[in-house]
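Below: one structure, written as structure tokens.
Pasting the structure below:
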């Protein structure tokens with residue numbers, strides 16, 4: 000990509016995913032893990048299960064998705080990419096590299112090398128590379144320190160020189176609103192923003208206005224960068240006594256999720272904001288497999304873990 004002035008960067012998105020000249024920018028976060036599978040177990044879902052998932056996402060009668068986000072450059076993600084390629088599915092991918100302060104230097108470097116390989120091996124499918132998920136926000140359990148930013152910028156430079164798609168970082172608004180985010184943002188092709196009204200103690204009626212304000216606040220702080228929304232959603236269950244779930248004051252139910260989903264999706268579509276709703280399917284491994292199924296971490300999907308649709312996608316409007 001050639002360097003452009005700030006005005007042209009602002010007016011012409013760097014990341015504008017399309018299939019056959021049709022915009023597919025309303026994406027969704029996807030994990031292939033079925034009940035009993037998890038990253039800790041190094042599970043790789045079957046081709047049959049992944050094909051079922053992709054069929055659900057691309058042919059659901061209420062809402063369809065042709066853009067997914069995956070988080071780690073690992074065999075589980077490659078199995079999804081292989082399935083998309085083999086069956087010539089109408090699905091594009093933002094492929095992540097899982098970077099973490101709790102991993103060894105070798106493990107982080109392997110994620111970098113693997114995401115480069117995947118981006119080049121699946122050029123017709125991967126449309127963007129995301130280097131890290133919530134790795135700088137203060138509350139992250141796997142966060143890097145501000146002193147690690149030079150190391151991170153070397154990773155960005157390495158990947159940008161080796162792939163032909165836009166490179167980004169996905170992090171919470173409480174990183175992108177900090178002064179030290181500026182150097183990181185300028186090194187990236189665009190910004191991916193996480194903004195959860197539910198986790199930020201917003202009632203349902205204030206959820207989309209809060210998200211919209213947060214989005215515009217971050218755009219104002221990074222005026223020459225496109226801002227995509229990488230995660231926002233509404234859980235259908237929560238347990239107030241379970242740690243940070245005490246922050247949730249909005250109703251956690253399928254009815255509430257549908258209200259948020261429809262209003263949020265309408266705002267995104269009207270403003271042509273590239274986004275990834277969180278998330279496609281409930282994942283029972285999240286929050287710990289020993290924890291009850293009712294905790295929020297296990298209930299962000301618009302489909303249940305058995306792949307049956309929740310209210311949001313039974314009757315949602317396109």
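Numbering (this note's numbering), first residue to last: 0 to 317. Even glycine gets a Cβ: it sits at the ideal position worked out from N, Cα and C.
Terminal residues of the beta strand (DSSP E) in which residue i lies
i           : result
residue 274 : 274-276
residue 69  : 66-69
residue 167 : 166-171
residue 151 : From DSSP, residue 151 is part of no beta strand (DSSP E) but of the alpha helix (DSSP H) over 148-159.
residue 27  : 25-28
Within 8 Å, strictly: CB atoms of residue i and residue j
i           : j           : result
residue 145 : residue 167 : no
residue 129 : residue 93  : yes
residue 233 : residue 197 : yes
residue 312 : residue 61  : yes
residue 98  : residue 57  : no
residue 45  : residue 75  : no
residue 206 : residue 248 : no
residue 132 : residue 72  : no
residue 172 : residue 134 : no
residue 82  : residue 49  : yes
residue 64  : residue 271 : no
residue 80  : residue 16  : no
residue 18  : residue 122 : no
residue 244 : residue 193 : no
residue 30  : residue 278 : yes
residue 142 : residue 100 : yes
residue 187 : residue 257 : no
Rounded C-alpha distance that separates residue i from residue j
i           : j           : result
residue 209 : residue 195 : 9 Å
residue 20  : residue 189 : 21 Å
residue 114 : residue 40  : 21 Å
residue 157 : residue 108 : 11 Å
residue 289 : residue 300 : 19 Å
residue 184 : residue 275 : 19 Å
residue 223 : residue 12  : 10 Å
residue 263 : residue 252 : 16 Å
residue 215 : residue 199 : 17 Å
residue 220 : residue 178 : 9 Å
residue 294 : residue 287 : 10 Å
residue 140 : residue 70  : 16 Å
residue 26  : residue 211 : 18 Å
residue 259 : residue 34  : 26 Å
residue 213 : residue 137 : 18 Å
residue 68  : residue 225 : 18 Å
residue 298 : residue 292 : 8 Å
residue 241 : residue 250 : 16 Å
residue 102 : residue 150 : 14 Å
residue 85  : residue 78  : 10 Å
residue 116 : residue 105 : 16 Å
residue 47  : residue 246 : 39 Å
residue 296 : residue 120 : 33 Å
Other residues of its chain near residue i: CB distance less than 8 Å, five sequence neighbours each side excluded
i           : result
residue 306 : 51, 52, 55, 280
residue 182 : 148, 152
residue 255 : 203, 233, 235, 249
Own chain, CB closer than 7 Å to residue i, minus 5 neighbours either side, in chain order
i           : result
residue 154 : 111, 130
residue 118 : 94, 125, 128, 162, 164
residue 338 : The structure shown does not extend to residue 338, since the chain is modelled only from 0 through 317, so no value can be given for it.
N-terminal and C-terminal residue of the alpha helix (DSSP H) that residue i is part of
i           : result
residue 182 : 180-186
residue 63  : That residue, residue 63, is in no alpha helix (DSSP H); it is neither H nor E in DSSP.
residue 93  : Note, residue 93: premise wrong, no alpha helix (DSSP H); beta strand (DSSP E) at 91-96.
residue 76  : 74-85
residue 214 : 203-220
residue 119 : 104-120
residue 230 : Careful: residue 230 lies outside any alpha helix (DSSP H), inside the beta strand (DSSP E) at 226-230.
residue 332 : It is not possible to answer for residue 332, since the shown part of the chain is limited to 0 through 317.
residue 88  : Element bounds for residue 88: n/a, residue is neither H nor E.
Sequence-distant residues of the same chain with beta carbon closer than 6 Å to residue i, five excluded per side
i           : result
residue 273 : 14, 24, 227
residue 37  : 284
residue 303 : 281
residue 308 : 302
residue 159 : 166
Any C-beta of chain B under 8 Å from that of residue i
i           : result
residue 309 : Among the protein chains of the structure shown there is no chain B, as only one such chain exists.
Any non-hydrogen atom of the ligand MN closer than 7 Å to residue i Cβ
i          : result
residue 30 : With respect to small molecules bound, the structure shown includes none, and the ligand MN cannot be examined in it.
* the stretch 232-242 contacting the stretch 264-271, beta-carbon criterion three pairs below 8 Å -> no
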